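Asks: Chains as they are written, first to last, in the working numbering: chain U, 1 to 116; chain L, 1001 to 1113.
The beta carbon of each residue, even a glycine, is placed where N, CA and C say it ideally should be.
Being a predicted model, the structure only gives us computed values, none of them experimental.
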């Protein structure tokens, strides 16, 4: 099976702009999660989607939003970019079967966003 | 609230020697614990998990982890380190309320030839 695919790999944006990142999960996986990785804060949970519904949301401002489509592909959007939004954004998918607790996340290679 | 701690920012080991990367956890209830590895400019790769059962869990690339309930630890181990094992390692615990993974701060492993 193909792994989790994230596009684009790199993005450079200017403060105040908005950006959309895309994620295609592993075939058959219906759960998609997003994480932000920075040197200072480490890995922080943004949100999780399952069957087009947001299941959980992390402690991020409303400028961060996401959605999931019927084919399980997901996008996240950041509006009014700030310098502090520069980070590696990681998407992960999971087999959303019965045992949610036990199934591991499978990560993509991420999108590195630089805000200038 | 669930949490994990990785007390070492970096671990240095010579190739061929055994390695240990430490992780301690704090959870209410039974822990669901995971180890991931991250190579430069890549995402996280799943290594192994502990859900229940045997305290010694075997995973990918020759790694294993020992679950110790009394010490609330879940240390990652490998009997013989390779230079190619040099990477960033993350321990994580599943938050049962939200099912999100809560990650430790990461430990950089450097294996010298």
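Name the residues in the region 58-69 of chain U whose C-beta lies less than 8 Å from a C-beta of chain L; which are they?
Replies: Listed by position along the chain: 58.
Asks: Can you tell me whether residue 1061 of chain L is helix, strand or coil according to DSSP?
Replies: Reduced to three states, the DSSP call for residue 1061 of chain L is helix.
Asks: Between residue 1058 of chain L and residue 68 of chain U, what straight-line distance do the alpha-carbon atoms span, to the nearest angstrom?
Replies: If I take the Cα positions, the gap works out to 34 Å.
Asks: Take every Cβ of the region 1001-1009 of chain L, pair it with every Cβ of the region 1042-1051 of chain L, and state whether three or more of those distances are shorter than 8 Å.
Replies: Taking 8 Å as the limit for Cβ pairs, the verdict is that the region 1042-1051 of chain L does not touch the region 1001-1009 of chain L.
Asks: With a threshold of 8 Å, are at least 3 pairs of Cβ atoms found where one atom belongs to the region 87-107 of chain U and the other to the region 1030-1043 of chain L?
Replies: With a cut-off of 8 Å, the region 1030-1043 of chain L and the region 87-107 of chain U count as touching, because enough Cβ pairs lie within range.
Asks: When Cβ atoms are compared, which residues of the region 78-110 of chain U fall closer than 7 Å to chain L?
Replies: Residues 90, 100, 101, 102, 104, 105, 106, 107, 108, 109 and 110.
Asks: From the DSSP output, which residues share a beta bridge with residue 1144 of chain L?
Replies: The question about residue 1144 of chain L has no answer here: the residues shown for chain L are numbered 1001 through 1113.
Asks: For residue 1106 of chain L, which three-state DSSP category applies?
Replies: Residue 1106 of chain L: coil per DSSP, three-state reduction.
Asks: State the Cα-Cα distance for the pair residue 38 of chain U and residue 70 of chain U, rounded to the nearest angstrom.
Replies: Roughly 30 Å separates the two Cα atoms.
Asks: Of the choices L/1105, L/1108, L/1036 and L/1101, whose alpha-carbon is the least far from that of residue 57 of chain U?
Replies: Of the listed residues, the one whose Cα sits closest to residue 57 of chain U is L/1101.
Asks: Would you grab the beta carbon distance between residue 43 of chain U and residue 1103 of chain L for me? Rounded to a whole angstrom, and I think it's under 8 Å.
Replies: Indeed they touch by this definition, with Cβ atoms about 4 Å apart.
Asks: Evaluate residue 1135 of chain L with the Cβ neighbour count: other Cβ atoms within 10 Å of its Cβ, from every protein chain shown; 16 or more gives buried, anything less gives exposed.
Replies: What the structure shows of chain L is the stretch from 1001 to 1113, and residue 1135 of chain L is not part of that stretch, so it cannot be assessed.
Asks: Would residue 101 of chain U and residue 1061 of chain L be called neighbours here (beta carbons separated by less than 8 Å)?
Replies: Contact flag unset, no.
Asks: What does DSSP give as the partner residue(s) for residue 1014 of chain L in the beta ladder?
Replies: Residue 1014 of chain L pairs with L/1112.
Asks: Just to make sure I have the definition right: I need the residues of chain U whose C-beta is within less than 8 Å of the C-beta of residue 1056 of chain L. Which are they?
Replies: Here the premise fails: no neighbours, minimum Cβ distance about 18 Å.
Asks: If you measure beta-carbon to beta-carbon, which residues of the region 1093-1104 of chain L are closer than 7 Å to chain U?
Replies: So the close ones are 1094, 1096, 1098, 1099, 1100, 1101 and 1103.
Asks: Could you tell me if residue 61 of chain U is buried or exposed, where buried requires 16 or more neighbouring beta carbons within 10 angstroms of its beta carbon?
Replies: Residue 61 of chain U should be labelled exposed.
Asks: Which word fits residue 1094 of chain L, buried or exposed, when buried means at least 16 other C-beta atoms lie within 10 angstroms of its C-beta?
Replies: It counts as buried.
Asks: Anything in chain L within Cβ reach of residue 48 of chain U, meaning under 7 Å, just list it in chain order.
Replies: Within 7 Å Cβ-Cβ: 1100.
Asks: By the three-class DSSP mapping on this structure, what secondary structure does residue 1037 of chain L have?
Replies: Three-state result, residue 1037 of chain L: strand.
Asks: Going by DSSP, what residue range makes up the beta strand (DSSP E) through residue 60 of chain U?
Replies: Counting along the chain, residue 60 of chain U falls outside any beta strand (DSSP E), and DSSP gives it neither H nor E.
Asks: Taking 8 Å as the threshold (C-beta atoms), are residue 91 of chain U and residue 19 of chain U in contact?
Replies: No, they are not a contact pair.
Asks: Per DSSP, what kind of secondary structure is residue 1093 of chain L in: helix, strand or coil?
Replies: It is a strand residue.
Asks: Take residue 1056 of chain L and list the residues in its own chain whose beta-carbon comes closer than 7 Å to its own, dropping the five residues that flank it on each side.
Replies: Only 1064 and 1066 meet the Cβ criterion.
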